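Below is one structure; the comments refer to it alone.
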Amino acid sequence: MSDTSRESHGPDRLRGAHGAGWLARLLTLATAAIGALLVAGVLWLLVSCPLWWPGAPRLPLPASVELPAAAAPTPDPAAAAQLEDIALRHLRAEVEVRFAGPWRQWLYVFFALQELALLVVALLLLRHVVSDLSRGNVFTHANARRLRWLGLVLLVEAIYAPGISSALSQWLTGGLTFAGEPLRIDWRQSLGGAGLASAWIVLVLSEAFRQGADLREEQSLTV
Amino acid sequence: MPIKVHLDLMMVRRGVSLTDLSARVGITMANLSILKNNKARAIRLGTLDALCRELDCQPGELLEFVPGPPEEEAFDR
Numbered sequence: 014m015s016d017t018s019r020e021s022h023g024p025d026r027l028r029g030a031h032g033a034g035w036l037a038r039l040l041t042l043a044t045a046a047i048g049a050l051l052v053a054g055v056l057w058l059l060v061s062c063p064l065w066w067p068g069a070p071r072l073p074l075p076a077s078v079e080l081p082a083a084a085a086p087t088p089d090p091a092a093a094a095q096l097e098d099i100a101l102r103h104l105r106a107e108v109e110v111r112f113a114g115p116w117r118q119w120l121y122v123f124f125a126l127q128e129l130a131l132l133v134v135a136l137l138l139l140r141h142v143v144s145d146l147s148r149g150n151v152f153t154h155a156n157a158r159r160l161r162w163l164g165l166v167l168l169v170e171a172i173y174a175p176g177i178s179s180a181l182s183q184w185l186t187g188g189l190t191f192a193g194e195p196l197r198i199d200w201r202q203s204l205g206g207a208g209l210a211s212a213w214i215v216l217v218l219s220e221a222f223r224q225g226a227d228l229r230e231e232q233s234l235t236v
Numbered sequence: 267m268p269i270k271v272h273l274d275l276m277m278v279r280r281g282v283s284l285t286d287l288s289a290r291v292g293i294t295m296a297n298l299s300i301l302k303n304n305k306a307r308a309i310r311l312g313t314l315d316a317l318c319r320e321l322d323c324q325p326g327e328l329l330e331f332v333p334g335p336p337e338e339e340a341f342d343r
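So the protein sequences, as listed, match chains A and B.
Note that the first sequence ends on residue 236 in the working numbering; no numbers are left out.
Note that the second sequence ends on residue 343 in the working numbering; no numbers are left out.
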């Protein structure tokens with residue numbers, strides 16, 4: 014049968030398009046799970062006000078405290094025998110806080126929930142793309158736009174978490190000291206190169222999808 | 267589209283139905299219908315070759331250029 018027998022109108026039937034159904038289901042599951050987490054977080058936010066819950070749990074902060082040399086522990090002699098010299102210069106600590114006023118607590122949790130919300134948005138965008146992938150009709154301008162938005166969301170999330178939330182934490186705990194040493198919010202713990210790289214990869218893919226959509230339009234209605 | 271396809275005219279002249287032509291050239295009736303109704307945006311040389319062979323005609327008998335402003339192509343952007 015000649016090449017011209019292939020139908021050119023309607024969605025292109027990509028080989029293996031039906032095989033993407035498992036991906037769509039997995040994404041649905043992930044979106045539902047994170048959405049449930051988000052709802053639980055909002056509910057927790059509402060009930061955890063210290064005004065009516067004095068025992069509200071402490072919140073973790075990505076912080077570190079520089080221990081003064083005098084307070085730094087010294088290594089055991091036996092363990093240090095194989096080393097010529099050793100010094101503890103910087104010790105990180107997991108810091109948990111319970112803010113005095115409810116608004117500080119809410120503000121912190123609110124910004125933490127925003128990160129979850131960004132993730133839900135990202136998954137919802139991806140679900141649409143995977144859904145079209147299952148139908149063998151993935152190269153459309155709508156999907157190119159979705160991937161562009163997804164890349165921007167990932168970019169915001171990669172910068173937002175170490176930037177805004179850490180700055181907020183620093184502001185909320187401003188002036189706090191331990192043994193005379195200031196509490197420093199360690200934003201580098203949250204900064205992930207993988208997040209930034211993923212964002213750029215998705216943005217590049219969105220442009221590839223846009224060109225794919227253009228090619229598909231050229232090919233459609235070609236007899 | 268300034269290019270008009272006179273497929274229906276040639277089919278009548280040769281006494282060929284859409285079904286027969288579809289079977290002979292190996293193009294689906296849906297696509298032939300698109301071509302016949304001047305809805306096609308492009309035509310492959312292989313398709314043109316198959317049509318001319320089955321309808322025993324020249325490309326110039328199937329295609330005609332009608333001067334005028336090009337129709338706007340609707341993209342599903």
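Just so you know, even glycine gets a beta-carbon here, dropped at the ideal spot from N, CA and C.
From a predicted model like this one, the values you see are computed outputs, not experimental measurements.
Run of the alpha helix (DSSP H) containing residue i, from where it starts to where it stops
i	result
V166 (chain A)	H154 to Y173
R291 (chain B)	In the sequence as displayed, the identity of residue 291 (chain B) is Val instead of Arg. Unbroken alpha helix (DSSP H) run through V291 (chain B): L284 to V291.
L216 (chain A)	G206 to Q232
V278 (chain B)	L273 to R280
E327 (chain B)	P325 to L328
E320 (chain B)	L311 to L321
K302 (chain B)	M295 to K302
T180 (chain A)	Thr is not the amino acid found at residue 180 (chain A); the sequence shown has Ala there. S179 to L185 is the span of the alpha helix (DSSP H), which, as asked, contains A180 (chain A).
CB contact flag (residue i, residue j, <8 Å)
i	j	result
L163 (chain A)	A135 (chain A)	yes
I276 (chain B)	L314 (chain B)	The amino acid occupying residue 276 (chain B) in the given sequence is Met; Ile does not appear at that position. It is not a contact, given that the beta carbons lie outside the stated cut-off.
L146 (chain A)	L40 (chain A)	no
T235 (chain A)	R310 (chain B)	yes
L129 (chain A)	L181 (chain A)	no
A37 (chain A)	S144 (chain A)	yes
G206 (chain A)	L167 (chain A)	no
K270 (chain B)	N297 (chain B)	no
L216 (chain A)	R161 (chain A)	yes
P268 (chain B)	G334 (chain B)	yes
V133 (chain A)	G193 (chain A)	no
A308 (chain B)	I300 (chain B)	no
Candidates the options, of which the one nearest residue i by Cα
i	options	result
V291 (chain B)	B:V278, B:G312, B:G281 and B:L329	B:G312
T87 (chain A)	A:L101, A:S179, A:Q95 and A:V110	A:L101
L185 (chain A)	A:N150, A:L72 and A:L216	A:L72
T44 (chain A)	A:W213, A:L137, A:G208 and A:A210	A:L137
E330 (chain B)	B:T294, B:A316 and B:K302	B:K302
V171 (chain A)	A:S147, A:L131, A:V151 and A:L181	In the sequence under discussion, the amino acid at residue 171 (chain A) is Ala, which differs from the Val named in the question. The shortest Cα separation from A171 (chain A) among A:S147, A:L131, A:V151 and A:L181 belongs to A:L131.
A33 (chain A)	A:V169, A:V142, A:V52 and A:E107	A:V142
R280 (chain B)	B:G326, B:D322, B:P333 and B:G334	B:D322
F123 (chain A)	A:E97, A:W57 and A:D89	A:W57
S179 (chain A)	A:L42, A:L120, A:A53 and A:E231	A:L120
T153 (chain A)	A:S233, A:W35 and A:I99	A:S233
L165 (chain A)	A:A46, A:P90 and A:W213	A:W213
Y173 (chain A)	A:D89, A:I99, A:Q127 and A:A53	A:Q127
Residue i, enclosing beta strand (DSSP E) - first and last residue
i	result
E109 (chain A)	V108 to V110
Proximal residues, the region 290-311 of chain B versus chain A, C-beta separation under 8 Å: Residues V291, G292, I293, T294, A296, N297, L298, I300, L301, K305, A306, R307, A308, I309 and R310.
Stretch-stretch touch, CB-based, cutoff 8 Å, three pairs: the region 218-235 of chain A with the region 147-165 of chain A: Flag = yes, the region 218-235 of chain A and the region 147-165 of chain A touch.
Cβ contact (3+ pairs, closer than 8 Å) linking the region 277-294 of chain B and the region 223-231 of chain A: The way I'd put it, the region 277-294 of chain B doesn't touch the region 223-231 of chain A; fewer than three beta-carbon pairs between them come closer than 8 Å.
Near-chain A residues of the region 312-325 of chain B - C-beta to any C-beta below 8 Å: Flagged, chain order: G312, T313 and A316.
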